[in-house]
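Right, one structure below, let's go through it.
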Amino acid sequence: MKINADRKLYTIGQVSDMLDIPIRTIRYYEKISLVHPYLIDRDSGYRYYSMEEIFHLDLIRCLGRELGMPLKKIREYIEREQEPATLKQYLNEQAEELEEQIDMLLSRKNFLMAKLKAVTMREFMRPAVPRIVMREARKIFVKYAKLQDVEDALLTIRKLVKESGNRYDTSTFLLRTFDPNNLHAKDLGQVLIGLDCALGTPNSEMILPAGKYAEVVYENRLDKRAEALKLFMEFLKRSGFTPEGHLIFSGTLLDTVSVKSDAYCLKVEIRLTSDPGAETKNPLHSE
């Protein structure tokens with residue numbers, strides 16, 4: 026074999042060490058016609074590569090290892106490399122595809138962080154211990170719903186989640202008319218379902234006014250719910266305040282849609298007033 030003295034050539038082993046590409050990978054690239062050696066010794070079968078082939082292999086390595094491009098995409102890139110307009114369009118398409126992947130990964134990260142927050146919050150909840158707290162005004166996105174059971178409530182909540190752009194880092198609300206003689210889970214009737222995010226139209230925005238609220242947290246089981254509501258009603262009678270407005274059930278949205286029904290906590294609260302003659306106000310805003 027006669028080697029051109031004007032062109033320095035390298036063995037496949039040298040190229041492998043130079044580019045940190047396994048020899049078997051280089052041979053596979055040759056097998057699928059993605060790269061070709063500069064010279065093959067007819068007698069020994071040894072392959073030799075010039076800097077041109079080495080640069081070509083380095084491009085393949087970079088596209089695959091650094092950009093995560095599959096071989097099919099690498100071949101398309103190489104075929105368009107000599108056509109600037111076509112290559113520019115191709116690169117724009119690849120950039121858009123990467124943006125979509127980034128958005129997907131960020132969405133997954135946000136979901137995981139919201140899940141972590143929800144799990145952490147559960148650790149600090151004290152079930153079935155009624156108390157009075159001060160709340161700032163809260164704006165929620167609501168829809169009226171005629172519910173027969175809990176499944177109806179979950180389906181309505183899922184629709185709201187979709188409309189809110191999959192905002193899992195929030196809370197969900199179920200608001201009912203306050204009736205101390207009718208607080209059973211099977212008597213849902215006409216309720217408001219909501220999320221604490223400012224979306225939709227003014228007709229769908231509801232303000233939970235600032236003020237003094239009584240609340241109790243309970244495990245999402247029928248027996249625990251009944252126990253908590255009984256304690257809650259006794260607490261309200263002893264508090265010296267008058268309940269007004271809606272009875273507000275709330276919970277972490279992420280738990281509501283991603284945890285089995287008895288593995289998370291819910292909260293029930295109601296606004297209190299010291300004036301027994303105060304009129305009950307409907308805070309639903311409309312134009």
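For reference, each letter of the sequence shown is one residue, going 26 to 312 in the numbering used here.
We treat Cβ as the ideally placed atom computed from N, Cα and C, and that holds for glycine.
DSSP beta-bridge partners of residue i
i: T111; result: Per DSSP, none; premise fails for T111.
i: P152; result: V242
i: E118; result: None, per the DSSP bridge assignment.
i: G70; result: According to DSSP, G70 bridges with nothing at all.
i: L64; result: Y73
i: I165; result: M231
i: K237; result: M159
i: A139; result: According to DSSP, which records beta bridges pairwise, A139 is partnered with nothing at all.
C-beta atoms of residue i and residue j nearer than 8 Å
i: I157; j: L256; result: no
i: L82; j: V40; result: yes
i: L261; j: G276; result: no
i: P152; j: Y243; result: yes
i: F198; j: L272; result: no
i: L112; j: E118; result: no
i: A162; j: I85; result: no
i: L59; j: R100; result: yes
i: K237; j: M159; result: yes
i: E55; j: P47; result: no
i: L184; j: E230; result: Reading off the sequence shown, one finds Lys at residue 184, where the question assumed Leu. In this structure, E230 does not lie closer than 8 Å to K184 by Cβ.
Straight-line Cα distance separating residue j from residue i
i: E294; j: V167; result: 17 Å
i: E240; j: P234; result: 15 Å
i: F274; j: L200; result: 6 Å
i: K33; j: A120; result: 37 Å
i: K249; j: Y289; result: 12 Å
i: S299; j: T195; result: 31 Å
i: T145; j: D280; result: 12 Å
i: I37; j: M43; result: 10 Å
i: H310; j: E108; result: With a pLDDT of only 34 at H310, under 50, the local geometry of the prediction cannot be trusted, and no value is derived from it.
i: E78; j: S132; result: 41 Å
i: E125; j: L92; result: 14 Å
i: E252; j: K187; result: 33 Å
i: D45; j: F80; result: 13 Å
i: A210; j: R246; result: Per-residue confidence for A210 stands at a pLDDT of 46, beneath the threshold of 50, marking its modelled position as unreliable; the derived number appears in the next sentence. C-alpha separation (whole angstroms): 10 Å.
i: V154; j: M258; result: 12 Å
i: G302; j: K140; result: Per-residue confidence for G302 stands at a pLDDT of 47, beneath the threshold of 50, marking its modelled position as unreliable; the derived number appears in the next sentence. Straight-line Cα distance between these residues: approximately 43 Å.
i: L130; j: R263; result: 51 Å
i: D66; j: I57; result: 20 Å
i: G270; j: I127; result: 44 Å
Endpoints, alpha helix (DSSP H) assigned at residue i
i: T298; result: Counting along the chain, T298 falls outside any alpha helix (DSSP H), though it belongs to the beta strand (DSSP E) covering 290 to 298.
i: C81; result: Note that residue 81 corresponds to His in the displayed sequence, not to Cys. Per DSSP, H81 belongs to the alpha helix (DSSP H) from 76 to 86.
i: M94; result: Counting along the chain, M94 falls outside any alpha helix (DSSP H), and DSSP gives it neither H nor E.
i: L34; result: Note, L34: premise wrong, no alpha helix (DSSP H); not H, not E.
i: I48; result: 48 to 56
i: D248; result: 247 to 264
Bounding residues of the beta strand (DSSP E) (the contiguous stretch that carries residue i)
i: L272; result: 267 to 277
i: L200; result: 196 to 202
i: I232; result: 230 to 233
Would you call the segment 32 to 51 and the segment 66 to 75 in contact, with 3 or more CB pairs under 8 Å?
With the cut-off at 8 Å, the segment 32 to 51 and the segment 66 to 75 touch.
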